[in-house]
Structures are given as structure tokens and as C-alpha cells.
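Protein chains in written order, with our numbering: chain V, 1 to 267; chain Y, 268 to 534; chain E, 535 to 801.
No residue lacks a Cβ here, since even glycine has one placed at the ideal position from N, Cα and C.
The structure displayed is predicted, hence computed values, not measured ones.
What follows is one structure encoded as C-alpha cells, with my remarks underneath.
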Amino acid sequence: MSIDAKGIYQAIEEMRAKAPVVHNITNYVAMNNSANALLAIGASPVMAHAEEEMEEMVGIASALVINIGTLSEAWISSMFEAAHQARIRGIPIVLDPVGAGATSYRTQTAKELISSEPPTIIRGNASEIMALVDEKTKTKGVDSAASSHDALAIARKISADNNCVVCISGETDYVVQKDKVIKIYNGHPLMTRVTGLGCTASALCGAFAAVENDAHVAVAGAMAVMGIAGEMAAQKAAGPGSLQMHFLDILYHLSQDDISQRLKIEE
Amino acid sequence: MSIDAKGIYQAIEEMRAKAPVVHNITNYVAMNNSANALLAIGASPVMAHAEEEMEEMVGIASALVINIGTLSEAWISSMFEAAHQARIRGIPIVLDPVGAGATSYRTQTAKELISSEPPTIIRGNASEIMALVDEKTKTKGVDSAASSHDALAIARKISADNNCVVCISGETDYVVQKDKVIKIYNGHPLMTRVTGLGCTASALCGAFAAVENDAHVAVAGAMAVMGIAGEMAAQKAAGPGSLQMHFLDILYHLSQDDISQRLKIEE
Amino acid sequence: MSIDAKGIYQAIEEMRAKAPVVHNITNYVAMNNSANALLAIGASPVMAHAEEEMEEMVGIASALVINIGTLSEAWISSMFEAAHQARIRGIPIVLDPVGAGATSYRTQTAKELISSEPPTIIRGNASEIMALVDEKTKTKGVDSAASSHDALAIARKISADNNCVVCISGETDYVVQKDKVIKIYNGHPLMTRVTGLGCTASALCGAFAAVENDAHVAVAGAMAVMGIAGEMAAQKAAGPGSLQMHFLDILYHLSQDDISQRLKIEE
Numbered sequence: 001m002s003i004d005a006k007g008i009y010q011a012i013e014e015m016r017a018k019a020p021v022v023h024n025i026t027n028y029v030a031m032n033n034s035a036n037a038l039l040a041i042g043a044s045p046v047m048a049h050a051e052e053e054m055e056e057m058v059g060i061a062s063a064l065v066i067n068i069g070t071l072s073e074a075w076i077s078s079m080f081e082a083a084h085q086a087r088i089r090g091i092p093i094v095l096d097p098v099g100a101g102a103t104s105y106r107t108q109t110a111k112e113l114i115s116s117e118p119p120t121i122i123r124g125n126a127s128e129i130m131a132l133v134d135e136k137t138k139t140k141g142v143d144s145a146a147s148s149h150d151a152l153a154i155a156r157k158i159s160a161d162n163n164c165v166v167c168i169s170g171e172t173d174y175v176v177q178k179d180k181v182i183k184i185y186n187g188h189p190l191m192t193r194v195t196g197l198g199c200t201a202s203a204l205c206g207a208f209a210a211v212e213n214d215a216h217v218a219v220a221g222a223m224a225v226m227g228i229a230g231e232m233a234a235q236k237a238a239g240p241g242s243l244q245m246h247f248l249d250i251l252y253h254l255s256q257d258d259i260s261q262r263l264k265i266e267e
Numbered sequence: 268m269s270i271d272a273k274g275i276y277q278a279i280e281e282m283r284a285k286a287p288v289v290h291n292i293t294n295y296v297a298m299n300n301s302a303n304a305l306l307a308i309g310a311s312p313v314m315a316h317a318e319e320e321m322e323e324m325v326g327i328a329s330a331l332v333i334n335i336g337t338l339s340e341a342w343i344s345s346m347f348e349a350a351h352q353a354r355i356r357g358i359p360i361v362l363d364p365v366g367a368g369a370t371s372y373r374t375q376t377a378k379e380l381i382s383s384e385p386p387t388i389i390r391g392n393a394s395e396i397m398a399l400v401d402e403k404t405k406t407k408g409v410d411s412a413a414s415s416h417d418a419l420a421i422a423r424k425i426s427a428d429n430n431c432v433v434c435i436s437g438e439t440d441y442v443v444q445k446d447k448v449i450k451i452y453n454g455h456p457l458m459t460r461v462t463g464l465g466c467t468a469s470a471l472c473g474a475f476a477a478v479e480n481d482a483h484v485a486v487a488g489a490m491a492v493m494g495i496a497g498e499m500a501a502q503k504a505a506g507p508g509s510l511q512m513h514f515l516d517i518l519y520h521l522s523q524d525d526i527s528q529r530l531k532i533e534e
Numbered sequence: 535m536s537i538d539a540k541g542i543y544q545a546i547e548e549m550r551a552k553a554p555v556v557h558n559i560t561n562y563v564a565m566n567n568s569a570n571a572l573l574a575i576g577a578s579p580v581m582a583h584a585e586e587e588m589e590e591m592v593g594i595a596s597a598l599v600i601n602i603g604t605l606s607e608a609w610i611s612s613m614f615e616a617a618h619q620a621r622i623r624g625i626p627i628v629l630d631p632v633g634a635g636a637t638s639y640r641t642q643t644a645k646e647l648i649s650s651e652p653p654t655i656i657r658g659n660a661s662e663i664m665a666l667v668d669e670k671t672k673t674k675g676v677d678s679a680a681s682s683h684d685a686l687a688i689a690r691k692i693s694a695d696n697n698c699v700v701c702i703s704g705e706t707d708y709v710v711q712k713d714k715v716i717k718i719y720n721g722h723p724l725m726t727r728v729t730g731l732g733c734t735a736s737a738l739c740g741a742f743a744a745v746e747n748d749a750h751v752a753v754a755g756a757m758a759v760m761g762i763a764g765e766m767a768a769q770k771a772a773g774p775g776s777l778q779m780h781f782l783d784i785l786y787h788l789s790q791d792d793i794s795q796r797l798k799i800e801e
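Rendered as C-alpha cells:
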């Protein structure tokens with residue numbers, strides 16, 4: 001896929017045709033919306049977290065999304081096991097380090113996941129990404145206390161050290177692969193008032209990575225689609241409640257024209 | 268209740284008058300929507316999963332709905348305990364074997380629940396129902412990989428062996444009680460793009476079974492209402508996001524006329 | 535803040551300016567809607583339940599909301615630990631005893647939380663509040679089987695014994711601090727057909743208490759805003775599905791005029 005409207009739309013058409021299974025171990029808050037976003041774009045979401053079924057469930061999946069938004073010991077074991085199985089099978093792994101920097105439990109879990117079962121893609125806000133390297137970074141709960149640009153050097157380092165793509169989402173999304181940075185300017189401020197849209201972005205990264213081998217390109221496509229659908233939804237929305245609803249409707253109908261008219265990307 | 272618009276509507280009126288407590292042990296993804304659908308139709312939903320409170324919670328319920336969509340060991344214990352208590356009290360039990368066939372953990376749990384605490388009603392998609400008997404059936408995550416018609420012979424066998432009603436939901440819903448099959452042709456393809464509507468169907472089976480002793484009739488009513496409300500919602504919806512919202516609004520206002528104008532049922 | 539439109543609106547403006555972190559240990563059903571309501575009004579919600587991170591997460595929070603809607607042993611430990619940390623830090627604690635009176639597990643957990651880590655605010659429906667004192671009170675699942683007025687004497691006693699504010703929500707909301715009672719007449723019957731709006735009310739109590747030291751005043755403000763936004767949403771809604779959506783939109787845009795035109799309060 002090329003990182004333009006045509007390439008992004010082709011990836012969506014492939015999702016709609018193949019309905020790749022995306023296995024999510026995600027937080028309680030975002031499960032419903034993530035599953036709905038994956039269904040709307042054409043993927044086949046699975047939510048499963050029991051260690052007993054990780055091997056088999058990863059075995060039928062085309063991508064794995066791990067989101068640490070509501071952690072507990074049992075779920076952490078399953079995250080490691082699922083990531084391990086995904087590595088063996090060679091399917092892409094997306095890690096969303098929700099709230100890294102807010103508590104050491106989250107920061108440590110994210111770091112250990114990265115070091116023992118390196119993800120293909122890491123997507124978080126600026127504070128979360130910075131907390132993966134800089135122990136002094138504090139995250140304000142699950143909201144970022146830093147700007148995306150601040151986190152850029154750290155994202156480059158994480159990408160180089162772990163051979164993965166790092167996405168810092170924010171007003172501008174930075175999709176980093178070592179020295180290469182793709183910037184996406186789509187999106188709308190009202191999206192920050194809807195819970196779990198960051199988690200939804202990570203889920204879409206999984207769906208795009210399921211149909212596109214180049215993870216840098218896949219993440220750029222996913223983030224562009226998030227931003228564009230978010231903009232279009234915000235235009236129709238009377239507030240954050242209706243934004244969430246329109247977002248799913250728009251994702252379901254998203255056309256190549258919608259993408260080409262709105263895409264603001266810089267490589 | 269008779270399986271026509273009048274009979275189905277009378278059951279809804281009874282729900283609205285009595286607000287029967289429907290106890291759900293269901294998955295994280297579908298909890299909110301299931302509770303909202305039960306409230307919209309007039310029932311009083313409870314979500315509770317701690318083994319410590321199963322006996323008392325089942326004790327105030329008029330139906331129990333067990334959904335294995337996001338399993339873990341602790342929840343399985345509670346499912347068995349709740350089903351056991353429901354059997355003792357003689358209230359209907361609905362089992363939704365979400366993802367049976369996708370992992371052996373799910374298939375085994377569903378089979379063990381059926382053999383040790385036989386449910387009154389089993390509702391699933393074709394793959395899930397087939398996986399309860401045929402070990403070779405594979406489920407694509409939580410989405411069906413088989414047609415409803417393929418599963419019909421197996422549903423008949425499960426119904427006869429366990430003296431229960433089996434519902435295979437899909438484009439056509441088959442409600443099977445031994446040799447008797449009720450077919451329901453209502454519904455809309457967009458419903459498959461909204462997560463948890465199958466789980467909602469199981470919850471409504473519980474609500475109908477709470478007010479109607481004949482489980483075959485109760486499930487037919489529930490599935491007809493799902494399909495009719497889904498059709499009406501799809502007509503108003505701009506996509507899967509708004510379908511979910513309209514579905515709840517329509518369920519709340521559903522009239523006998525709505526049902527009689529749309530009901531497509533074959534006994 | 536004064537308990538009039540101006541005072542209530544000032545509290546909202548302070549939330550929008552400061553975005554206080556509100557830490558929720560709440561039930562699976564209401565997590566998404568509670569987080570969205572907190573975001574809509576201007577707060578920064580965190581959902582976290584692992585005992586390992588309670589101290590740090592409470593450490594960055596301006597209020598703690600504990601909701602026992604879907605209990606389990608591990609979560610109860612975290613509730614006690616979080617409440618303990620909140621006490622040490624002196625931040626307000628809101629307790630929502632969902633389903634107290636329905637099972638002894640819930641009743642006991644709520645009572646033990648109150649006696650060992652006294653909350654600043656307790657908010658529940660009439661049956662739930664009564665069950666905290668009167669062992670004979672039965673709750674119909676999570677819905678009230680008593681009228682708010684019946685619970686008033688008990689609320690006064692709980693408030694006096696535990697030096698806390700007790701809110702009985704219902705058609706009229708009673709906000710009780712010892713002998714002082716504020717009555718709020720806002721709200722709409724359709725709100726009872728949307729799951730988790732009671733939980734959302736408790737979350738908003740936390741957000742108001744984060745910016746207003748007088749808990750009696752804070753809870754009155756939160757309940758007035760719930761009722762007013764609910765009324766405005768019901769006016770636009772075609773049923774419970776759209777009520778939830780409009781509720782969030784309205785909360786986001788709520789103005790001083792909206793409040794002053796609708797506020798029905800009696801001290």
C-alpha cells in the first residue's frame with residue numbers, strides 16, 4: 001500500500017473482503033468501542049484474555065492488540081503468553097501502553113512486554129511514550145501531560161532499539177520508524193473528550209497491520225483513517241456523545257474520496 | 268403466548284408491567300448493551316459474577332443468562348454455581364456459547380455447562396452450535412464460518428439430547444425444539460456490524476422466558492423482536508453506530524402494530 | 535460555590551479549567567459511560583483496579599469513586615486500599631453501594647467500606663441506602679423497591695454516624711448532611727431506562743467534590759447537573775438509546791443559562 005488515499009483505501013477494501021481476525025486484550029472501558037470500530041472498518045474482532053485460550057485464539061488471528069488500560073496480574077500473564085504466541089506465528093503485535101508514567105505498575109508492565117516480546121507497533125500519547133524511557137515523565141492519569149513533539153527523540157530511540165514502529169498520537173500524529181517520521185495532521189479536538197478513541201486507534205493499527213506488511217505504512221494508514229473519520233464525525237456531532245456514534249457510521253462508509261479530500265500527511 | 272404479533276406483544280406488555288429481574292453473567296463487551304436492551308424492553312437487568320453472591324442473586328431473578336464471551340476461571344465457577352441455583356429454583360437458563368469452536372477452552376466450558384447444568388435455551392451462530400457436537404467445526408473468532416441451515420441437524424440433536432430449545436441465529440433464525448422448527452426471517456445485514464447484538468438476543472431470550480413458560484415460544488418471540496427492531500433501526504441508521512442507538516429507542520417503543528407489520532415467521 | 539445556577543456553573547468552569555483526575559473503581563457495565571460523562575463535564579477520568587497501583591493512582595487523583603456494581607474479591611481489596619490511600623491524602627471518597635440489599639455480599643462490602651474507610655459521600659437509590667442500616671430491606675436487583683422519602687430518616691442516621699453526605703437518588707433527590715436536607719426535583723423518568731446513569735451520578739459527585747470542599751454543596755451540584763442534563767436530553771431523545779447520547783452532548787455544552795432556567799432545588 002502507498003501512503004496516499006488510494007493506498008489507504010485499498011487496505012480498507014482488503015479488510016472488508018478478508019475480515020481479518022484481530023485479537024484484542026484490551027481494557028474494560030474501550031472494549032465495546034474498539035470491537036465496534038473493527039467491525040465498522042471490516043475486520044473481525046475477538047476479545048479474549050484467559051491464558052488457557054491464548055495459543056489457540058492467537059492461532060486464528062491476523063494481528064494481536066495489547067492494551068494495558070485496566071491491568072491485573074492474570075491479564076498480564078495472558079498478555080505475555082499472547083505476545084509470545086504472536087511472535088512465534090509472525091503476526092503483528094500492537095502495544096498500547098495506556099497510563100504508562102501514571103503508575104510504576106503500568107510503566108513496568110509496558111517495558112517488560114517490550115523487552116521480552118518486542119511489539120511490531122507501539123502507539124501512545126506523548127507522556128506514555130516518554131515514560132517508556134524517561135523515568136521522570138509523569139502521565140496525568142491516562143491523559144498526556146507532554147506535547148507530541150517533545151516525545152519525538154524518545155520515539156526514535158525506542159524504534160531503533162526495538163526495531164518497531166512507534167506512533168505518538170496527539171494534535172499531530174508522529175509515526176516513527178527509526179529516522180523516518182510520517183506526520184499526520186488529521187483529527188479534531190473533540191475526539192479527546194470521547195473515552196477510548198486512543199484505544200480504538202491502536203485497534204485499527206492492528207487491523208491495518210493485518211493486511212499490510214510494512215508496519216510503518218500500516219500505522220500511518222490507521223492514524224490517517226482515525227483522524228479523517230474523527231473530523232467528519234465532529235462536523236456532524238453536537239458533542240462527544242454523538243461524535244462516537246457518527247465516528248462508527250463514517251468508518252463503515254469511508255470512501256476513497258473521503259480520504260483523498262481530507263488527508264493531511266507529510267513524509 | 269401465541270407466536271404471532273398479538274402473543275409477542277402481550278409478552279412485552281407483561282415484561283413492562285412486571286419488570287422481571289434477568290441475571291446476566293455475560294462478557295465485558297456486551298454488558299452495557301445487553302443491560303440497556305433489557306431495560307428498554309421492560310425487564311430489570313442485573314450483572315453479577317462473584318461466586319459469593321450467585322445463590323442470592325439467582326434467588327431474586329426470573330431468568331439466568333450465561334454468556335461465555337470473555338471467560339476466565341473465576342467466572343466459570345460462578346457460571347456453574349449460578350446455573351445450579353437456577354436449576355434448583357426452576358427458572359429458565361439461557362446459554363450463549365460465544366466463540367465455541369474458536370478455542371477448546373470455550374468449547375469445553377460450553378459442553379460441560381450443558382452436560383452438568385442443562386440450559387433451557389442455547390442460542391448461538393451456526394459455527395458455535397455445530398462446535399458443541401462436531402469437534403471439527405472451526406469458528407472464525409466469534410463470527411460464524413457456517414450457514415444456519417448447515418447447523419440444523421445438529422441443533423435438533425442437541426435439543427433432543429438435552430431437552431432444551433436451540434436457536435441458531437443468522438440471516439434466518441432457526442428455533443429448534445426436537446423436531447419442531449420455527450423459522451424467523453426478520454433482521455438486517457447491518458446488525459452483523461454491531462458488536463454484541465447476538466449477546467443482546469440471548470439476553471432477550473432470558474427476558475421472554477421469564478414471562479413465558481414455553482421456551483420454544485419464548486425464544487421465537489425474542490428473536491422476532493430482535494429482528495424487527497433491528498430492521499426498523501437499520502432503516503433509520505446511517506451506519507452501525509446509529510443502528511445500536513435506534514435499536515434501543517425502537518425496542519422501548521415497540522408496538523403490536525410494528526410487530527404485525529413486519530413479522531416473518533414460519534412454523 | 536453557592537447552590538444556585540451561578541455557583542454550580544462556576545464549579546463546572548473550574549473542572550473544565552483544571553481537569554481534575556477522578557479515579558474510579560467502578561463496575562464493568564458503567565465504566566464507559568462514567569468515563570465519557572467525566573470527560574464531557576471537563577474532568578480527567580481514570581479507571582484502575584489493580585491493588586499494585588492503587589497508591590500511585592490515588593496519589594495523582596483529586597477524588598476517588600468506588601462503585602460495587604460488579605464485585606469480586608480482588609476488586610474489594612483494591613477498593614479498601616484505594617479508600618485508605620484517599621483518606622491519608624485527604625481527597626474526597628464517593629461510595630456507590632450498587633445492589634446493597636440484593637445480596638449480603640454487596641451489603642457487607644458496602645458496610646465494611648463505610649466503617650473502615652468512611653466515605654465523604656454515599657450515593658444510592660432508596661433501597662440501597664436503607665439496606666446499609668436495615669437488614670430487612672430487599673433491593674430488586676439493582677433497582678430500588680422503596681421510595682426516596684422512606685429512606686430519609688435512615689440517610690440522616692448514616693450521615694450523622696459517619697460524618698458524611700448521603701444522597702438518595704430517585705424522582706426527588708435528597709442530599710442529606712445530618713439534619714440538613716437539600717431536595718432536587720430535576721430529572722426525567724426515561725433516565726431509569728438507561729443503564730449506569732446512577733453510576734454516572736456518583737462519578738459526577740466525585741468530579742464536583744474535586745473542586746468544591748463542602749461535600750453537601752458538591753453533591754447537590756452534581757445531582758442538579760445530572761437531572762438538568764437528563765431533562766434536556768429526554769426532550770431531544772426518541773428513547774433510552776438516544777437519551778444516553780444526548781446526555782453526553784448536553785453535559786459537554788452545559789451553560790449557566792441551561793442551569794438557571796431549569797434548576798428546581800429546595801434547601
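- Between residue 600 of chain E and residue 627 of chain E a beta carbon distance of about 7 Å is seen, short of the 8 Å cut, so the two are scored as contacting.
- Within the segment 635-702 of chain E, the complete alpha helix (DSSP H) runs of at least 4 residues fall at 638-650, 660-665 and 686-696.
- Excluding the 5 residues flanking it on each side, residue 121 of chain V has same chain C-beta neighbours closer than 6 Å at 94, 165, 205, 215 and 219, in chain order.
- In the structure shown, residue 335 of chain Y falls within a coil segment according to DSSP collapsed to helix, strand and coil.
- The Cβ-Cβ distance between residue 393 of chain Y and residue 414 of chain Y falls below 8 Å.
- When C-beta distances to chain V are compared with 7 Å, the residues of the segment 437-461 of chain Y below that value are 460 and 461, in chain order.
- Contact between the segment 714-734 of chain E and the segment 764-784 of chain E is present: 3 or more CB-CB pairs across the two stretches fall below 8 Å.
- Close to residue 276 of chain Y, with beta-carbon spacing below 8 Å, lies no residue of chain E; the smallest spacing is near 17 Å.
- Interface flag for residue 566 of chain E against chain Y is set, since a Cβ pair is found closer than 8 Å.
- 8 Å or more divides the Cβ of residue 396 of chain Y from the Cβ of residue 450 of chain Y.
- Using a Cβ-Cβ cut-off of 8 Å, residue 765 of chain E does not count as an interface residue toward chain V, since no Cβ of chain V sits closer than that to its own.
- Close to residue 117 of chain V, with beta-carbon spacing below 9 Å, lies no residue of chain Y; the smallest spacing is near 20 Å.
- For residue 53 of chain V, the closest Cβ of chain Y is nearer than 8 Å.
- Within chain V, no C-beta atom comes less than 9 Å from the C-beta of residue 614 of chain E; the nearest is roughly 16 Å away.
- Residue 581 of chain E and residue 424 of chain Y have their C-alpha atoms spaced approximately 45 Å apart.
- Interface criterion met: the Cβ of residue 636 of chain E is under 8 Å from a Cβ in chain Y.
- In this structure, the straight-line span from the alpha carbon of residue 789 of chain E to that of residue 383 of chain Y is close to 57 Å.
- One finds 31, 32, 35 and 47 in chain V with Cβ atoms closer than 7 Å to the Cβ of residue 296 of chain Y, taken in chain order.
- When Cβ-Cβ separations below 8 Å define contact, residue 639 of chain E makes contact with chain Y.
- When the beta-carbon positions are compared, residue 554 of chain E and residue 744 of chain E come within less than 8 Å of each other.
- Contact with chain V is found for residue 781 of chain E, since one of that chain's Cβ atoms lies less than 8 Å from the residue's Cβ.
- One Cα belongs to residue 142 of chain V, the other to residue 179 of chain V, and the distance between them is close to 28 Å.
- Beta-bridge analysis with DSSP links residue 23 of chain V to V:46 and V:64.
- In terms of Cα proximity to residue 640 of chain E, the closest of E:666, E:756 and E:657 is E:666.
- Assignment of beta-bridge partners to residue 451 of chain Y by DSSP yields Y:440 and Y:532.
- Here the alpha carbons of residue 365 of chain Y and residue 18 of chain V stand approximately 21 Å from one another.
- For residue 253 of chain V, the nearest beta carbon of chain Y is closer than 8 Å to its own beta carbon.
- Comparing alpha carbon positions, the residue from E:630, E:679 and E:597 closest to residue 557 of chain E is E:597.
- Between the alpha carbons of residue 561 of chain E and residue 420 of chain Y lies a distance of about 41 Å.
- For the alpha helix (DSSP H) assignment, the uninterrupted runs of no fewer than 4 residues enclosed by the segment 464-504 of chain Y are, from N- to C-terminal side, 464-478 and 482-503.
- For residue 606 of chain E and residue 528 of chain Y, the gap between their C-alpha atoms comes out near 46 Å.
- Residue-level contact by beta carbon holds for residue 407 of chain Y and chain V, with a gap shorter than 8 Å.
- Shown here for residue 109 of chain V: same chain residues with a beta carbon closer than 7 Å to its own, the five before and five after excluded, namely 68, 71 and 76 in chain order.
- Nearest CB-CB separation between residue 590 of chain E and chain V: below the 8 Å threshold.
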